[in-house]
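J.:
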Amino acid sequence: MNDLKVLENKLIPVYITDEGEKVVDARELHDYLNVDTPFRKWVKRRIENYSFEEDLDFSTFLSESNGGRPSKEYILSLDMGKELGMVERNLQGKKIRKYFIEVEKRARNLVQNTQSVDGKHFALESSKLLMPLMEELQLSAVSKMTAVKKLYEEAGIQLPFHVQLPDNLLTCTEIAKKIGVYSNSGNPHSQAVGAIINEINIHPNEVETTLGSNEKHQYAQQQYYPSVLDKVKGWLTIKGKPNRIETSSRNYNVKYLKGGH
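Here is the structure:
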């Protein structure tokens, strides 16, 4: 799970993707829930019984193997994790569901707290709230300055310096759209692109860790310069645009749609 960052690590790790989605590892959840049913049978049964959908509620990958057969692993959305905890009907299930709800609440509160005061106080307090998060998520210096400057500008305060990230930075999802790499369910396959990027030689100057946000929360995201798009396209060309992306960490089934460029 090289392309995931740990957001919380209490009962089990809660990870955050480069698109800001909070996810959990199904095997780690299974171990915590103390389920008697073997993992493979348990996860397949839960998916079938509750009609969870791949690329919507969960994603899969093949784990690394030391001589044996790679095992299929599952990354679950936090909503799916909550539901699986609830249906176990045991103490661990209640605890994990409450834990996931608290993780979401803390993320929402971070956004709400930054919107609760006005003017300079708003900008100052927001910066104080965001700085530990930006440090933890290892945002670049330019990204930190850009985020802080934006907060002050939204409060009507112009800071006496100019800093701005390039407007041509791309997320893994945007790269997937441009080159036409999609999952079998028809969504841009950001995870496959992220795995490819982990395989190729990316210079530190070709990537920025920036602060993104949506209506629910703020998150760190990796954004890449156009040179990385070219490298991903080159990797796919060398591999012959395979329908199965095989990397040292994971394998993904993909399809190619017209419109990528």
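11 is the number of the first residue of the sequence shown in our numbering; add one for each residue after it. Glycine included, C-beta positions come from ideal geometry on N, C-alpha and C.
1. Is the beta carbon of Leu86 sitting closer than 7 Å to the one on Val34?
2. Check this for me: beta carbons of Asp65 and Ser193, under 7 Å apart or not?
3. Please return the same chain residues whose Cβ sits closer than 7 Å to the Cβ of Glu18, not counting the five positions on each side in sequence.
4. Using C-beta distances below 7 Å, list every residue in its chain close to His271, excluding the 5 sequence neighbours before and after it, in chain order.
5. Taking only runs that begin and end inside the stretch 67 to 120, name each unbroken alpha helix (DSSP H) of 4 or more residues, in chain order.
6. Taking Ala117 as the reference, which of Leu88, Arg99, Thr70 and Ile255 has the closest Cα?
7. Between which two residues does the beta strand (DSSP E) holding Lys15 run?
8. If we call anything under 7 Å between Cβ atoms a contact, is Leu267 one with Gly190?
9. Could you give the DSSP three-state label for Asn197: helix, strand or coil?
10. Out of curiosity, what's the CA-to-CA distance linking Val127 and Lys138?
11. Identify the continuous beta strand (DSSP E) that holds Asn261 and give its terminal residues.
12. Could you tell me the alpha carbon to alpha carbon distance between His213 and Thr47, rounded to whole angstroms?
13. Taking only three categories from DSSP, how would you classify Ile255?
14. One question on the structure: do Gly91 and Leu43 come within less than 7 Å of each other, judged by their Cβ atoms?
15. Does Lys287 pass the burial test, meaning 16 or more other C-beta atoms within 10 Å, or should it be called exposed?
16. With respect to the beta strand (DSSP E) encompassing Asp35, which residues constitute its N-terminal and C-terminal limits?
17. Between Asn208, Thr219, Lys54 and Ile210, which has its C-alpha nearest Ala36's C-alpha?
18. So what's Ile22 in DSSP terms, helix, strand or just coil?
19. Round the Cβ separation of Ala202 and Ile255 to the nearest angstrom and send it over; I've been treating them as touching at under 8 Å.
20. Work out the CA separation of Glu98 and Arg107 for me, nearest whole Å.
21. State buried or exposed for Glu74, treating a residue as buried only when at least 16 other CB atoms are found within 10 Å of its CB.
22. Kindly identify the DSSP beta-bridge partner or partners of Leu180.
T.: Inspection of the coordinates gives the following:
1. Counted from its first residue, the sequence shown places residue 86 at position 76. Counted from its first residue, the sequence shown places residue 34 at position 24. In this structure, Val34 lies closer than 7 Å to Leu86 by Cβ.
2. Taking the sequence shown and counting its residues from 1, the one referred to as residue 65 is at position 55. Taking the sequence shown and counting its residues from 1, the one referred to as residue 193 is at position 183. Yes, Cβ-Cβ distance for Asp65 and Ser193 is below 7 Å.
3. The residue labelled residue 18 in the question sits at position 8 within the sequence shown. Val24 and Val113, listed in sequence order.
4. Against the sequence shown, residue 271 aligns to sequence position 261. For His271, the predicted structure reports a pLDDT of 48, less than 50, and the residue's modelled location is therefore unreliable. The matter cannot be settled from this model.
5. For the stretch 67 to 120, whole alpha helix (DSSP H) runs of length 4 or above, ordered along the chain, are 88 to 97.
6. Here residue 117 is taken as the residue at index 107 of the sequence shown, counted from 1. Measuring from the Cα of Ala117, the nearest candidate turns out to be Leu88.
7. Residue mapping note: residue 15 aligns to position 5 of the sequence shown, counting from 1. Segment Lys15 to Asn19, the beta strand (DSSP E) holding Lys15.
8. Translated into the one-based positions of the sequence shown, residue 267 becomes position 257. Translated into the one-based positions of the sequence shown, residue 190 becomes position 180. Yes, they are a contact pair.
9. Here residue 197 refers to the residue found at position 187 when the sequence shown is read from its first residue. In the structure shown, Asn197 sits in coil (DSSP, three-state: anything other than H, G, I, E or B).
10. One-based indexing of the sequence shown puts residue 127 at position 117. One-based indexing of the sequence shown puts residue 138 at position 128. Reliability fails at Val127, whose pLDDT of 46 lies under 50, so the model's placement of it is uncertain and the value that follows must be treated cautiously. Each residue's CA atom was taken as its position, placing Val127 and Lys138 some 13 Å apart.
11. If you number the sequence shown from 1, residue 261 lands on position 251. Taken as a continuous stretch (DSSP letters only), the beta strand (DSSP E) holding Asn261 covers Asn261 to Asn263.
12. By 1-based counting over the sequence shown, the position of residue 213 is 203. By 1-based counting over the sequence shown, the position of residue 47 is 37. Approximately 45 Å between the Cα atoms of the pair.
13. Indexing the sequence shown from 1 puts residue 255 at position 245. The answer is strand: DSSP assigns Ile255 an E or B state.
14. Here the question's residue 91 lines up with position 81 in the sequence shown. Here the question's residue 43 lines up with position 33 in the sequence shown. Result no, Cβ atoms of Gly91 and Leu43 do not sit closer than 7 Å.
15. In this structure the chain extends from 11 to 271, so residue 287 is not present and cannot be described.
16. As a working note, residue 35 is residue 25 in the sequence shown. Per DSSP, Asp35 belongs to the beta strand (DSSP E) from Lys32 to Asp35.
17. Working through the sequence shown from its first residue, we reach residue 36 at position 26. When each option's Cα is compared against that of Ala36, the closest is Lys54.
18. For the purposes of this step, residue 22 is taken as residue 12 along the sequence shown, with counting starting at 1. Assigned with DSSP and collapsed to three states, Ile22 falls in coil, not helix or strand.
19. Stepping through the sequence shown from its first residue, residue 202 is reached at position 192. Stepping through the sequence shown from its first residue, residue 255 is reached at position 245. So it is a contact: roughly 5 Å between Cβ atoms.
20. Against the sequence shown, residue 107 aligns to sequence position 97. Against the sequence shown, residue 98 aligns to sequence position 88. Put simply, the backbone Cα of Arg107 is about 10 Å away from that of Glu98.
21. Here residue 74 corresponds to residue number 64 of the sequence shown, with the count starting at 1. Exposed is the call here.
22. Position 170 of the sequence shown, counted from the first residue, corresponds to residue 180. According to DSSP, which records beta bridges pairwise, Leu180 is partnered with Tyr234.
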